[in-house]
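Each number in the working numbering corresponds to the 1-based position in the sequence shown with 58 added.
Note sheet for the following structure.
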Amino acid sequence: MPKTPMPTAPTPEVPTPGVPSSKDSAVLDSAHVGDIQGAFGTIRLGDSSSQSSWKRRLKTLLAIVGPGLIVMVGDNDAGAFGTYTQAGQNYGTSLLWTLLLLVPVLYVNQEMVLRLGVVTGVGHARLILERFGKFWGAFSAIDLFILNALTIVTEFIGISIGLDYLGVPKIPGVLISALFVIGAASTGSFQRFERVCMALVAGSLLLVPVFFLAGPDYGQMAHDFVVPGIPAGSDIADVTLLVIAIVGTTIAPWQLFFQQSYVIDKRITPRYMKYERVDLWLGIVIVVLGAAAIIGFTAATFAHRPGFGHFTDAGGVAEGLGTHVGHLAGILFALALIDASIIGAAAVGLSTSYALGDVLGLKHSLHRKVSDAKGFYAAFAGIIALSAVIVIIPGSPLGLLTVGVQVLAGVLLPSATVFLLLLCNDKEVMGPWVNGRGMNIFTSAVIAVLVILSVVLTAAVLFPDISGTAILAILGGGALVALLAAAGLAVVRLRTAASGKAASAAPVDRSQRATWRMPPLALLQRPQLSAARRAGLGVLRLYLLVAMILVIVRVVQLALAGA
């Protein structure tokens with residue numbers, strides 16, 4: 059597995075037994091087939107060398123590592139900084155337990171995405187279009203574009219906050235940051251882009267010295283990390299909404315689209331799935347430890363001081379660190395915020411251009427030069443530039459845009475997870491890689507929780523004075539409905555099985571997983587949705603329509619009230 063220089067054009071395909079090419083697989087861009095060219099190594103197309111020695115396994119892991127780290131560290135972006143610092147400044151370390159609960163959810167969601175990527179070679183948006191029709195395909199692409207544009211605006215807000223603390227003028231600083239993001243992705247070299255991202259990942263370690271400089275109570279943090287609890291004397295409505303915000307900032311729709319497409323663009327095949335799972339775990343560990351560090355040092359900074367319980371924004375936290383911990387801590391925090399916002403903007407922007415390339419049939423690969431994939435790079439540059447300009451325009455409603463991101467993410471995440479689950483149970487798409495029963499049960503429970511939280515978040519935006527009692531009523535009612543639905547489904551299945559009407563499902567042969575890839579999309583049979591699934595998708599469509607209309611109406615009301 060020797061290292062080789064980055065070629066100037068996609069590596070020519072060489073027929074190799076057991077290695078699918080773009081002609082016999084479903085890949086939509088021929089640049090998605092070739093050598094795996096990671097930041098820390100290269101694996102030749104068709105490399106069949108043994109991976110028995112630990113040195114060779116380590117070299118393989120170094121070449122594969124990247125997608126999991128980038129998507130997870132990109133998740134600790136400007137929005138995450140704001141949410142975690144709010145939790146630390148207002149409630150100390152008492153909400154750390156939410157991070158531990160999110161670990162299995164993060165892994166299950168992103169592991170399904172990884173399987174979809176390595177097995178199909180087709181992006182998330184295109185699979186939804188092909189398997190569920192034009193409505194859902196267009197919906198997934200359009201809502202992703204809107205949500206991602208708003209999310210990138212928040213990334214540049216984070217950059218501007220960090221620059222302001224460092225004394226750098228906002229307008230040139232934001233524009234230079236946007237040019238850096240666009241330039242990093244537009245070199246025509248996947249490997250160069252990933253190396254830039256790995257440098258940004260390393261930049262997230264700036265949080266480590268801030269954590270130790272602040273000197274939080276390690277014992278209390280360890281306790282709060284594993285023992286759930288509600289802050290004493292807190293308003294249940296405020297705490298619940300903050301917990302929902304933590305969930306929303308840790309699990310976002312763009313992650314699904316980005317990681318699936320990025321794995322495809324990196325040319326990772328099923329053979330390397332176990333290494334990609336390790337990469338994902340590395341990313342999850344970093345994102346959870348980073349979030350815990352932010353909550354911990356923010357809590358230590360404001361504990362027993364007038365600022366405790368009076369969160370403003372990440373800029374206020376930087377000022378607090380500079381005043382109470384030391385100017386160095388404030389500088390490192392500001393640099394870490396800028397670093398996180400840049401990697402977040404790059405990942406979110408790419409998830410958009412990948413999805414548009416998939417749906418519109420454009421060439422969409424970082425292996426291609428700008429001249430060879432104009433639409434792909436134009437979409438990426440356009441959404442980055444537009445978001446940066448919005449931030450520097452005087453009088454832009456940045457607060458409303460931030461609210462819009464939080465609510466839209468909450469509304470759309472359940473639908474994204476529903477399609478993720480359906481695709482991972484589609485035998486035409488996944489073959490021997492389909493979900494097992496345990497995975498389906500867990501993911502269904504996660505979807506139920508996300509739907510309930512989405513309803514709470516939407517209600518809180520529509521009714522800002524909602525009481526804690528009303529929120530608990532929604533949570534309890536939603537849980538009851540979910541349990542009744544699960545019980546009803548179980549009864550129907552038992553009766554169907556008892557009557558002998560259920561067709562015996564053939565056991566899934568998983569012996570060919572290392573080499574099986576999804577056939578070209580044109581060869582797949584259309585999925586046959588049961589009446590229950592069609593009804594479920596109809597209800598989901600109605601919920602999304604109503605929720606989106608109500609949210610838009612509320613945002614317009616807020617805008618007019620503030621005019």
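Note that CB positions come from ideal geometry on N, CA and C, so glycine has one too.
Residue burial classification, residue i (beta-carbon count within 10 angstroms, cutoff 16)
{"i": "K53", "result": "Here the chain covers residues 59 to 621 and nothing more, so residue 53 does not appear."}
{"i": "F197", "result": "buried"}
{"i": "S106", "result": "exposed"}
{"i": "D523", "result": "exposed"}
{"i": "F270", "result": "exposed"}
{"i": "I610", "result": "exposed"}
{"i": "H385", "result": "exposed"}
{"i": "F193", "result": "exposed"}
{"i": "P125", "result": "buried"}
{"i": "Y22", "result": "Nothing about residue 22 can be read from this structure; the chain reaches only from 59 to 621."}
{"i": "S399", "result": "buried"}
{"i": "Q583", "result": "exposed"}
{"i": "Y276", "result": "exposed"}
{"i": "T516", "result": "buried"}
{"i": "Q168", "result": "buried"}
{"i": "L187", "result": "buried"}
{"i": "R173", "result": "buried"}
{"i": "A136", "result": "buried"}
Supposed close pair residue i, residue j - CB separation, criterion 8 Å
{"i": "T151", "j": "M279", "result": "5 Å"}
{"i": "L520", "j": "L205", "result": "19 Å between Cβ atoms; not a contact."}
{"i": "V509", "j": "P472", "result": "5 Å"}
{"i": "P585", "j": "A84", "result": "Contact doesn't hold; Cβ gap of about 15 Å is too wide."}
{"i": "V239", "j": "V449", "result": "Contact flag wrong, Cβ pair sits at about 13 Å."}
{"i": "G341", "j": "V131", "result": "7 Å"}
Cβ neighbours of residue i in the same chain (closer than 6 Å, five flanking residues each side left out)
{"i": "L542", "result": "none"}
{"i": "S319", "result": "G181, Y412"}
{"i": "L185", "result": "L481"}
{"i": "M606", "result": "none"}
Nearest to residue i (by Cα), restricted to the options the options
{"i": "F434", "options": "V417, I448, V447", "result": "V417"}
{"i": "V383", "options": "S399, G367, R363, G402", "result": "R363"}
{"i": "A437", "options": "L265, V513, R495, L408", "result": "L408"}
{"i": "F391", "options": "A272, V346, L444", "result": "A272"}
{"i": "W312", "options": "V492, I607, F203", "result": "F203"}
{"i": "G195", "options": "I234, S218, A413", "result": "A413"}
{"i": "P455", "options": "D371, E188, I215", "result": "I215"}
{"i": "V492", "options": "V177, D323, A136", "result": "V177"}
{"i": "G92", "options": "F315, A242, G179, D430", "result": "G179"}
{"i": "V469", "options": "A310, G536, K421", "result": "A310"}
{"i": "F315", "options": "H368, A405, G348", "result": "A405"}
{"i": "T501", "options": "V463, D133, A544", "result": "A544"}
{"i": "D133", "options": "T307, L395, S512", "result": "T307"}
{"i": "Y223", "options": "R115, L395, R189", "result": "L395"}
{"i": "G287", "options": "N498, Y149, W112, R114", "result": "Y149"}
Rounded separation between residue i and residue j - CA only
{"i": "L479", "j": "V305", "result": "19 Å"}
{"i": "E213", "j": "K432", "result": "25 Å"}
{"i": "V614", "j": "A351", "result": "37 Å"}
{"i": "T209", "j": "I128", "result": "17 Å"}
{"i": "L251", "j": "L424", "result": "It should be pointed out that residue 251 corresponds to Phe in this sequence rather than to Leu. About 8 Å."}
{"i": "A387", "j": "A358", "result": "13 Å"}
{"i": "T573", "j": "V447", "result": "46 Å"}
{"i": "T410", "j": "A589", "result": "32 Å"}
{"i": "V211", "j": "L459", "result": "8 Å"}
{"i": "L444", "j": "I451", "result": "11 Å"}
{"i": "L602", "j": "D397", "result": "34 Å"}
{"i": "V268", "j": "T475", "result": "35 Å"}
{"i": "E486", "j": "V171", "result": "16 Å"}
{"i": "G526", "j": "K324", "result": "47 Å"}
{"i": "T100", "j": "S110", "result": "18 Å"}
{"i": "V321", "j": "R568", "result": "22 Å"}
{"i": "G415", "j": "L86", "result": "9 Å"}
{"i": "L265", "j": "R553", "result": "56 Å"}
8 Å CB neighbourhood of residue i in its chain, flanking five on each side removed
{"i": "L153", "result": "A145, D282, P289, V297, L300, V301, I304, I353"}
Own chain, CB closer than 7 Å to residue i, minus 5 neighbours either side, in chain order
{"i": "F360", "result": "Q147, F366, G378"}
{"i": "A207", "result": "I441, L444, S445"}
{"i": "L598", "result": "S473, V476"}
{"i": "V163", "result": "I309, V504"}
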